[in-house]
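J.:
In UniProt numbering, the protein residues as written are 1 to 249.
(1) Does the contact criterion of 3 or more C-beta pairs under 8 angstroms hold for the region 97-115 versus the region 29-43?
(2) Would you be able to state if there are at least three C-beta pairs under 8 angstroms between the region 152-166 and the region 181-192?
(3) Across which residues does DSSP place residue 90 in a beta bridge pair?
(4) Go ahead and pull the three-state DSSP assignment for residue 25.
(5) When you compare each of 144, 220, 177, 138 to residue 254 by their alpha carbons, which one comes out closest?
(6) Given a cut-off of 9 angstroms, decide if residue 55 and residue 21 are closer than it, judged by their beta-carbon atoms.
(7) Looking only at its own chain, which residues have a Cβ that is under 8 angstroms from the Cβ of residue 216, when we skip the five neighbours before and after it?
(8) In chain order, what residues of the same chain have a beta carbon less than 6 angstroms from the beta carbon of residue 227, not counting five sequence neighbours either side?
(9) For the candidate residues 157, 134, 156, 168, whose alpha-carbon lies nearest to that of residue 150?
(10) Considering only their Cβ atoms, is the gap separating residue 119 from residue 24 smaller than 9 angstroms?
(11) Does DSSP classify residue 202 as helix, strand or coil?
(12) Classify residue 178 as helix, strand or coil using the three-state DSSP reduction.
(13) On the premise that residue 204 lies in contact with residue 195, defined as a C-beta separation below 8 angstroms, what is that separation, rounded to the nearest angstrom?
(14) Just confirm the distance between the C-beta atoms of residue 192 and residue 229, as a whole number of angstroms; I'd bet it's less than 8 angstroms.
(15) Identify, in the order they occur along the chain, each residue of the same chain with its Cβ nearer than 6 angstroms to the Cβ of residue 42, setting aside the five sequence neighbours on each side.
(16) Could you please give the first and the last residue of the uninterrupted alpha helix (DSSP H) stretch that includes residue 221?
(17) In terms of residue numbering, what span does the alpha helix (DSSP H) encompassing residue 232 cover?
(18) Classify residue 91: buried if its beta carbon has 16 or more other beta carbons within 10 angstroms, exposed otherwise.
(19) Since residue 80 and residue 71 should fall inside the 8 angstroms C-beta cutoff, what is the C-beta to C-beta distance between them, to a whole number of angstroms?
(20) Distance, Cα to Cα, residue 152 vs residue 146?
(21) Only counting runs of 3 or more residues, tell me where the beta strand (DSSP E) segments fall wholly within the UniProt domain "AB hydrolase-1" (51-153), in order along the chain.
(22) Who are the Cβ neighbours of residue 175 in its own chain at under 7 angstroms, not counting the five residues just before and after it?
(23) Which of the three DSSP states is assigned to residue 226 in this structure?
Shown next, in the form of structure tokens:
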């Protein structure tokens, strides 16, 4: 496989990406927190898109994967800027974002910022507003004091080394919340969620479904699927969701 290409953004960040030419809309994979574009879902979708001649883009946010920067220095707003930079510079015409976990929040922010570009949307265990509703809401008084006094706390992860959560990430997240204000999604949306997900609950998926203003939005709950959502059945469901949006658009 060819190596990554790089995009230099107006904010001085260097984003690694892989772009596949083809017919539109451009399927854009938006990865999760501390994930990268070499994950199972991203690579599977890329191969699927290539097989059908569909344009496809995957990239690493700053502080992730092969892109510049440190994870600890980033926040939701930085990664939103990265997403906009990649979309504006590397795609043309309609796009179909596929957002996984934090990428689901990024996809919703993208839809708010570039609604005219969105042909439809697929989310996988979307985690909108998680910095407030999961991190901050779950912090003990001691952790909140540590965040204020030290500027960061460490949270254990089921999937990798502990997450370093900074005060900047929490404060910036409050400026990016999407479940506290109207959320118009005037295009087909398909949401996928595993019932055994220990990182994002089905309550979050239902809250997004109920909150969004969308004429064609469906949520599929998959019994026993976890947050990775990357076994054979789950990957087939992602393909089907993308195809459904392409057909509905």
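All residues carry an ideal CB built from backbone N, CA and C; glycine is no exception. This structure is a prediction, so every number in the text was calculated from the model and none was measured.
T.: Per the coordinate set shown:
(1) Look at the beta carbons and you see the region 97-115 touching the region 29-43: at least three pairs across the two are nearer than 8 angstroms.
(2) Three or more beta-carbon pairs separated by less than 8 angstroms are not found between the region 181-192 and the region 152-166, which leaves the two stretches without contact.
(3) Within the DSSP secondary-structure output, residue 90 pairs in no beta bridge.
(4) Here residue 25 sits in strand by DSSP.
(5) This structure does not reach residue 254, given that the chain is present from 1 up to 249, and the question cannot be answered.
(6) The Cβ atoms of residue 21 and residue 55 lie closer than 9 angstroms to each other.
(7) Only 187, 188, 189, 248 meet the Cβ criterion.
(8) Excluding residues within five positions, the ones whose Cβ falls inside 6 angstroms are 125, 197, 199.
(9) For the residues 157, 134, 156, 168, the minimum Cα distance to residue 150 belongs to 168.
(10) Yes, these two residues count as a Cβ contact at 9 angstroms.
(11) Residue state for residue 202 is assigned as helix, using DSSP reduced to three classes.
(12) Judged by DSSP in its simplified three-state form, residue 178 adopts coil rather than helix or strand.
(13) Not a contact, Cβ separation roughly 12 angstroms.
(14) About 7 angstroms; that satisfies the 8 angstroms criterion.
(15) In chain order, 29, 58 place their CB closer than 6 angstroms to the CB of residue 42, counting only its own chain and leaving out the 5 sequence neighbours on each side.
(16) It is not in any alpha helix (DSSP H) - residue 221 instead sits in the beta strand (DSSP E) that spans 217-222.
(17) In the DSSP annotation of this structure, the continuous segment of the alpha helix (DSSP H) that includes residue 232 starts and ends at 232-248.
(18) Buried, by the Cβ-count rule.
(19) Contact doesn't hold; Cβ gap of about 15 angstroms is too wide.
(20) Rounded to the nearest angstrom, the two C-alpha atoms are 7 angstroms apart.
(21) Unbroken beta strand (DSSP E) runs of no fewer than 3 residues, entirely contained in the UniProt domain "AB hydrolase-1" (51-153), are found at 54-59, 95-100, 121-124, following chain order.
(22) Within the same chain, residue 175 has close Cβ partners 77.
(23) Here residue 226 sits in coil by DSSP.
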